[in-house]
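Here our numbering runs 13 ahead of the position in the sequence shown, where the first position is 1.
For glycine and all other residues, C-beta sits at the position ideal for the given N, C-alpha and C.
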Amino acid sequence: MQTIQEFPILCQTCLGDNPYIRMTKEKYSKECKTCGQPFTVFRWCPGTQMRFKKTEVCQTCSKLKNVCQTCLLDVEYGLPVQVRDSALKLQDSMPKSDVNKEYYTQNMEKEIANTDGILPVRALTGKAQTPTDMLLKLGRKTPYYKRNRPHVYSFWYKVNVKEARSVLI
14 MQTIQEFPIL CQTCLGDNPY IRMTKEKYSK ECKTCGQPFT VFRWCPGTQM
64 RFKKTEVCQT CSKLKNVCQT CLLDVEYGLP VQVRDSALKL QDSMPKSDVN
114 KEYYTQNMEK EIANTDGILP VRALTGKAQT PTDMLLKLGR KTPYYKRNRP
164 HVYSFWYKVN VKEARSVLI
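Below, the structure written as structure tokens:
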């Protein structure tokens, strides 16, 4: 069983541009989408007129893959994990069966707990590699806060555009 965490692992975009955010924490309220273990879910609004965000994977999986717990993009480069892994020529070492997944995550949690936080988790798993030029070119340098805006619903848009056109005519 994982320990209860105090703060999620997030990228700058998911955290938002507002330095004062309120965050709720629900202990063991959801199952991790990667390993299936229960984990602490955090929920917050990154800024005004933005949609609420919540964590989707546990911290162990996030640390192992170096991804944001919410958007599942790489924390360093802001790229999808598949793009980063193919550029670095990494293979996914996560087992497929439920029992093996549980055993693997327990072992990795022990490894993470035994470190003092100085070594990156990738160095523990033997995946630490230098970034390629392609990763540096593709990676996002600044946060993209427009991603946090609410979606425009097509049925709402159609009704309001028709009303606006009828007023203008």
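Check: Reduced DSSP category for residue 157 - H, G, I as helix; E, B as strand; rest coil; Outcome: coil
Check: Rounded C-alpha distance that separates residue 21 from residue 168; Outcome: 35 Å
Check: Touch test, the stretch 55-65 against the stretch 86-94, Cβ-Cβ under 8 Å, three pairs minimum; Outcome: no
Check: Residue burial classification, residue 49 (beta-carbon count within 10 angstroms, cutoff 16); Outcome: exposed
Check: Cut-off 8 Å between Cβ atoms - residues of its own chain near residue 162, not counting five sequence neighbours on either side; Outcome: 62, 63 and 64
Check: Chain-order list of residues whose beta-carbon lies under 8 Å from that of residue 31 (same chain, five-residue window excluded); Outcome: 59, 60 and 61
Check: Pairwise C-alpha distance: residue 67 and residue 141; Outcome: Caution applies to residue 141, whose pLDDT of 48 falls short of 50 and renders its modelled position unreliable; the value that the coordinates give is listed next. Those two C-alpha atoms are separated by around 28 Å.
Check: For residue 53, three-class secondary structure by DSSP; Outcome: strand
Check: Residue(s) in a DSSP beta bridge with residue 87; Outcome: 80
Check: Residue 69 - DSSP class collapsed to helix/strand/coil; Outcome: coil
Check: Collapsed DSSP secondary structure at residue 36 in the structure displayed; Outcome: strand
Check: Terminal residues of the alpha helix (DSSP H) in which residue 149 lies; Outcome: 146-151
Check: DSSP three-state assignment for residue 102, whether helix, strand or coil; Outcome: coil
Check: Closest Cα partner of residue 100 within the set 106, 152 and 41; Outcome: 152
Check: Length of the line joining the Cα atoms of residue 118 and residue 171; Outcome: 48 Å
Check: Extent of the continuous alpha helix (DSSP H) to which residue 125 belongs; Outcome: 111-127
Check: Where residue 46 falls: helix, strand or coil (DSSP); Outcome: coil
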